[in-house]
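Residue numbers for the first sequence follow this note's numbering, so the first one is 1 and each next one is one higher.
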Amino acid sequence: MNYKDTVFLPRTDFPMRAGLPKKEPEILQNWQQVDLYRRLRETRQGAPKFILHDGPPYANGQLHIGHALNKILKDVINRSQSMLGKDANYVPGWDCHGLPIEWKIEEQYRKKGKDKDAVPTAEFRQECRDFAAHWLVVQSTEFQRLGVLGDWQSPYTTMAYEAEAKIAEELGKILMDGSLYRGAKPVMWSPVEKTALAEAEIEYEDHTSVTIYARFPVQSSALQALHNASIVIWTTTPWTMPGNRAIAYGDDIAYRIIEVTAVKDDVLVRKGDVLCLADDLCDVVADALGITAMTARATVAGHELAGTIAAHPMAADGYDFEVPLLAGSHVTTEQGTGFVHIAPGHGVEDYELAHLKHGIAVPETVGEDGYILPHLPLYGGMHALRDNARIADMMAQHGGVIGIGKLVHSYPHSWRSKAPVIYRNTAQWFVSMESHGLRDTALGELAKTAFYPAAGQKRLTSMIAQRPDWCLSRQRAWGVPLTIFVNKETGQPLRDPAVHARIVEAMRTEGADCWFLPNASRFLGSDYSADDYEQVTDILDVWFDSGSTHAFVLEDRPDLDSPADLYLEGSDQHRGWFHSSLLQSWATRGRAPYKGVLTHGFVLDEHGRKMSKSLGNVVTPQAVMEQNGADILRLWVVSSDYYNDLRIGPEIIKRMTDTYRRFRNTLRYLLGALDGYDQAEQVGYDDMPDLEKWVLHRIATLDDRICRMTESYDFHGIFTELHQFCNSDLSAFYFEIRKDMLYCDLPGSTGRRACRTVMQELFNRLTAWLAPIICFTAEEAWQAYVGDPENSVHLRQYDAVPANWRNDDIDANWSLIRQVRQVVMSALEKARNDGAIGASLQAAPQVYVTAAMQSAFDGQDAATLFITSAATIVTDPPPADAFRLDTVADVAVGFAVATGGKCARCWKVMPEVTADDGICKRCDDVVATLA
RNA sequence: AGGCGCGUAGCUCAGUUGGUUAGAGCGCACGACUGAUAAUCGUGAGGUCGGCAGUUCAAAUCUGCCCGUGCCUACCA
């Protein structure tokens, strides 16, 4: 007789093979059909809010793997907070203004042969707007495909009229309170594009510069040795000489004053010249200048140079001003002469030392086209980048230069035009870090913010502590304008709240474009004359846009709240969004816009290298979704230590699919085992076997851990716990042991019902625990059970755990049992290798243990736990040849083959079975009852 | 070049205040089962804890230097 029909094998329609690339879009469609997002909002109405404020990605291209990591992590957090019962409303957003989009539009113009300057601003801005709108839709679709749940119907954008108006309004606040000021600053300037460039627009390439050694005759000094001497500087930028206003020396550097006694032919330096140079560099410089012999007049320490005044090399030709020697901490003796010429209009350090520290005025010497301003003697009309050789010759003729050379070095270039750029001093708008205590408040408040990982706090703190004033103005077109009128006479910005309110109101209905129309009097009203004011046409740094999102998103949307619980971005945003949002919020509200900050690392290839087209190691989220599915990508995120850099590549993806299968098969087995399960089968806790109680205990401890790890955003920990639980506790242990009961016992038996009660709990818990991570598969499995699309797994919460499930006595007992079991497994393996048995059911081990261990087995059927047909647990001294494991003390196993015949139904070897197709007593009873 | 990180088995990760023989899961190898079957179970082999030096009775853990790698900043006369 064939007993297979009398055995209750697992049965389910939930397929073993996932086919995620095909299945996920279907599940997505179901979610859209039942409007899961809206439904979840309704379900969580009135619940405590959890606000993860989305840092806006830039709307200008296809998503890369970094976007995927970022959005998946956000989604896992939101879904898991929702599982904790919170109302985690996620509103995605986009950063739409800014340079990269302008580039793209300009690029299109160039292809069509169009001139950007000939296009009206409004038209140009509209094209930028359309461009951003296009990519926004593309990215939105891809984010949703990743399973990210949020308000995709009404996301926020920085280019919405409301947002633009609000950003201008925010600017108004710092304009009114006086922390916004107009200053001059040396910025990277591209003479080709006639514009200032942001740091991101700069790339460094080799460039050949003309170098000069210039002499600055000492006018007055406390040092007698400097009488008649010249200070010698070396520079790679001769064109900055008209802007020279000081010389920097190093306090701790030793200098030597030498007199030239012999020179080579055809050199600029003369016998008898008295020069001052860094001691260490004398020989090198002498060599470069062609000096063949010299005598040392004196050696002085750097600090002795304080107070020395020199003359400009061209003093006789219109540059007749004092050039003081100043101590500069940045001066080194790695190259040059140990003296650095300071042109405050052409270098950040120069500006800081001369202007900020010593109050030296900043001259304007170079025009926006790169030509030295015509009114400047000798240099006027020469080009900063092209005429350096001419400048050097000219200066040499006048005796100001005593050495000319060339240097190939890396030099900033415009990313767009590939042309070299210069530092140029221009008028810009700044937010002061000090005038209103911004820096100090910021640093003080920073200590109250929670950082994940903690190191982020230190990083952000040191950045805020060191940063200069925030330069808000950009000479650009696509962005929110600095809505400022400057009084032509006083140079002061107009600070009239009524005027500014009119501007903001106009922007709210017409967008920021209204600022660029020629209608200043509309805003100025009757109190001011448009003729008296200059309208600023600069636009705001886009970091101010995104730094203001907390205002126009968190505060302005009734379904959100400020400050946010969490900001979450890549670690590069310490310098970016975290930074600008903090400053913006502190400047306008005096507090941080977030309670917590989480940073993740960057995605690298399998070998820890940066992804690049040339290395051919780029992994795109699109490819992974098409080949493996979004759930694999989601699993990858939580399997990684995302606080550090993450790696991805073919092997890692392969490993992830292996891991995925384990989760999927666990769910599948549970679904199969629960075939036809009815709540009426349920067995109360007290009536359950110890093994079931042990599983419930594991659920209780796991639940506790998962809830705690959810709150600290430790999903890698959750992933590890869940994976090992499915592997070691369920598949290899609990499921394996309970197969016999599940397949062969009577459906109505207490044991089998208890087992299914527990499996039902397991299924409920696992689908909920996994839902934030593999959101598609959790839904698929859940639907395989409930069959009701409106009852989505994502509307659920983690089920509460009854207090009595926690049972440390049972836990201790079963950890002893599992130790013994491990030795038995090894002993059986040895017997198997010896050819004594195949299946473990052929064995009947005798296990020698301590009394404590034996009592752990009280009330247990040891054979069931070992999956053998019989087993005895004794405290007798074991025979010498008994099997032992080094790692487990006090356990020995004597091997024996089970006696009797193999039951044709349950496959156990039992003494009562004698016939070939006979069955054991238990099965006999079951079959009889079933019939 | 500077600041901040990271470097533990083929892969992903644990390693508490320095303290037995460095752990887990996957993968791999071998075996079993053929009633979770493109599954499942068992056993096993894999590591000079990036390298070198130091502190210590004792270092994956502390210190210094070096190498590799990433982010940020700078390319500086």
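Beta carbons are placed, not taken as given, at the ideal position from N, Cα and C, and that holds for glycine.
#1: If you follow the beta strand (DSSP E) that residue 311 is part of, which residue opens it and which one closes it?
#2: Once DSSP output is grouped into helix, strand and coil, what is the label at residue 264?
#3: Give me whichever residues DSSP pairs with residue 216 in a beta bridge.
#4: Taking 8 Å as the cut-off, does the region 296-316 touch the region 231-247 (at least 3 CB pairs, one atom from each stretch)?
#5: Per the contact definition of three or more C-beta pairs closer than 8 Å, is the region 746-761 in contact with the region 608-622?
#6: If I measure Cβ to Cβ from residue 890 and keep anything under 6 Å in the same chain, skipping five residues before and after, which residues do I get?
#7: Tell me residue 519's beta-bridge partners as DSSP assigns them.
#8: Check whether the Cβ atoms of residue 101 and residue 60 sit closer than 7 Å, and answer yes or no.
#9: Please say whether residue 233 and residue 375 have beta carbons closer to each other than 7 Å?
#10: Any heavy atom of the ligand PLP inside 6 Å of the beta-carbon of residue 411?
#11: Please state the DSSP three-state secondary structure of residue 87.
#12: Quick one: residues in its chain with C-beta nearer than 7 Å to the C-beta of residue 562, no 5 flanking neighbours on either side, listed in chain order?
#13: For residue 888, write down the residues that DSSP places opposite it in a beta bridge.
#14: In the DSSP assignment, the alpha helix (DSSP H) including residue 404 goes from what residue to what residue?
#15: Of the residues 20, 180 and 7, which one's Cα is nearest the Cα of residue 631?
#16: Within its chain, find whatever has a CB closer than 7 Å to the CB of residue 294; leave out the 5 residues flanking it on each side and keep chain order.
#17: Quick one, are the C-beta atoms of residue 87 and residue 148 less than 7 Å apart?
#18: In whole angstroms, what separates the C-alpha of residue 246 from that of residue 532?
#19: Following the continuous beta strand (DSSP E) through residue 301, name the residue where it begins and the one where it ends.
#20: What first and last residue would you give for the beta strand (DSSP E) that runs through residue 492?
#21: Within the continuous beta strand (DSSP E) that includes residue 239, where are the two ends?
#22: Does residue 332 pass the burial test, meaning 16 or more other C-beta atoms within 10 Å, or should it be called exposed?
#23: Quick check on residue 48: buried or exposed, where buried means 16 or more other Cβ atoms within 10 Å of its Cβ?
#24: Just reading off the alpha helix (DSSP H) that residue 796 is part of, what are its end residues?
#25: State the Cα-Cα distance for the pair residue 872 and residue 892, rounded to the nearest angstrom.
#26: Determine the burial state of residue 476: buried for a count of at least 16 other Cβ atoms within 10 Å of its Cβ, exposed for fewer.
#27: Could you give the C-beta distance for residue 524 and residue 486, rounded to a whole number, given that I count them as a contact under 8 Å?
#28: Identify the residues that DSSP records as bridge partners of residue 94: which are they?
#29: Just list the beta strand (DSSP E) runs in the region 613-655, keeping only unbroken ones of 3 residues or longer that don't cross its boundaries, in chain order.
#30: Kindly confirm or deny that the region 562-575 and the region 588-604 touch, where touching means at least three C-beta pairs closer than 8 Å.
#31: Looking only at C-alpha atoms, which of 869, 338, 196 and 590 sits nearest to residue 428?
#32: Touching or not, the region 249-257 and the region 351-358, by the rule of three or more beta carbon pairs under 8 Å?
#33: Would you identify the three-state DSSP class for residue 753, choosing helix, strand or coil?
#34: Is residue 152 helix, strand or coil when you go by DSSP?
#35: Beta-carbon within less than 8 Å of residue 575's beta-carbon, same chain only, minus the 5 sequence neighbours each way: which residues are those?
#36: Which two residues bound the contiguous alpha helix (DSSP H) that contains residue 23?
Reading from the atomic positions:
#1: The sequence position of residue 311 within the first sequence is 311, counting from 1. Taken as a continuous stretch (DSSP letters only), the beta strand (DSSP E) holding residue 311 covers 309-311.
#2: Here residue 264 corresponds to residue number 264 of the first sequence, with the count starting at 1. Looking at residue 264 - three-state DSSP - the assignment turns out to be coil, as it is neither helix nor strand.
#3: The residue you call residue 216 lines up with position 216 of the first sequence. DSSP output for residue 216 lists 231 as bridge partner(s).
#4: yes
#5: no
#6: For the purposes of this step, residue 890 is taken as the residue at position 890 of the first sequence. Taken in chain order, the residues that qualify are 850.
#7: What you label residue 519 is simply residue 519 of the first sequence in a count that begins at 1. Note: residue 519 sits in no beta bridge, so no partner.
#8: Here the question's residue 101 lines up with position 101 in the first sequence. Here the question's residue 60 lines up with position 60 in the first sequence. It is a contact, given that the beta carbons lie within the stated cut-off.
#9: Counting from 1 along the first sequence, the entry for residue 375 is found at position 375. Counting from 1 along the first sequence, the entry for residue 233 is found at position 233. For residue 375 and residue 233, no; Cβs fall outside 7 Å.
#10: As presented, the structure is devoid of all ligands, the ligand PLP included, so that no description of it is given.
#11: Working through the first sequence from its first residue, we reach residue 87 at position 87. Strand.
#12: Within the first sequence, the letter at position 562 stands for residue 562. Within its own chain, the residues whose Cβ lies closer than 7 Å to the Cβ of residue 562, once the five positions on either side in sequence are excluded, are 550, 554, 555 and 593, listed in chain order.
#13: For the purposes of this step, residue 888 is taken as the residue at position 888 of the first sequence. Answer is 885.
#14: As a first step, residue 404 is located in the first sequence; it is residue number 404 there, counting from the start. Taken as a continuous stretch (DSSP letters only), residue 404 belongs to no alpha helix (DSSP H), being part of the beta strand (DSSP E) at 401-414.
#15: Numbered from its first residue, the first sequence carries residue 631 at position 631. Nearest of 20, 180 and 7 to residue 631, Cα basis: 20.
#16: Taking the first sequence and counting its residues from 1, one reaches residue 294 at position 294. Taken in chain order, the residues that qualify are 258, 259, 260, 261 and 286.
#17: Within the first sequence, the letter at position 87 stands for residue 87. Within the first sequence, the letter at position 148 stands for residue 148. At the C-beta level, residue 87 and residue 148 stay beyond 7 Å of one another.
#18: Within the first sequence, the letter at position 246 stands for residue 246. Within the first sequence, the letter at position 532 stands for residue 532. Cα to Cα, the separation comes out at about 37 Å.
#19: Here residue 301 refers to the residue found at position 301 when the first sequence is read from its first residue. That run of the beta strand (DSSP E) goes 291-301.
#20: In the first sequence, counting from the first residue as 1, residue 492 sits at position 492. Unbroken run through residue 492: none, as it is neither H nor E.
#21: Translated into the one-based positions of the first sequence, residue 239 becomes position 239. No beta strand (DSSP E) holds residue 239; DSSP gives it neither H nor E.
#22: Start at 1 with the first residue of the first sequence, and residue 332 comes out as number 332. It is exposed - the Cβ of residue 332 has fewer than 16 other Cβ atoms within 10 Å.
#23: Counting from one through the first sequence, the residue named residue 48 turns up at place 48. Classification of residue 48: exposed, given that the 10 Å Cβ count is below 16.
#24: In the first sequence, the residue the question calls residue 796 occupies position 796. First-last for residue 796: undefined, no H or E at that position.
#25: Locating residue 872 in the first sequence gives position 872, where the first residue counts as 1. Locating residue 892 in the first sequence gives position 892, where the first residue counts as 1. Distance between the alpha carbons of residue 872 and residue 892 is about 12 Å.
#26: Within the first sequence, the letter at position 476 stands for residue 476. It is buried - the Cβ of residue 476 has at least 16 other Cβ atoms within 10 Å.
#27: Within the first sequence, residue 524 is the residue found at index 524, counting from 1. Within the first sequence, residue 486 is the residue found at index 486, counting from 1. Actually they are not in contact, since the Cβ atoms of residue 524 and residue 486 sit about 12 Å apart, beyond 8 Å.
#28: Numbered from 1 along the first sequence, position 94 holds the residue referred to as residue 94. BP columns for residue 94 point to 157.
#29: none
#30: yes
#31: Here residue 428 refers to the residue found at position 428 of the first sequence. The shortest Cα separation from residue 428 among 869, 338, 196 and 590 belongs to 196.
#32: no
#33: The sequence position of residue 753 within the first sequence is 753, counting from 1. Helix, per DSSP.
#34: Sequence index remark: in the first sequence, residue 152 carries index 152 (1-based). Coil.
#35: Here residue 575 corresponds to residue number 575 of the first sequence, with the count starting at 1. Closer than 8 Å at Cβ, skipping near neighbours: 463.
#36: The residue labelled residue 23 in the question sits at position 23 within the first sequence. Element bounds for residue 23: 20-34.
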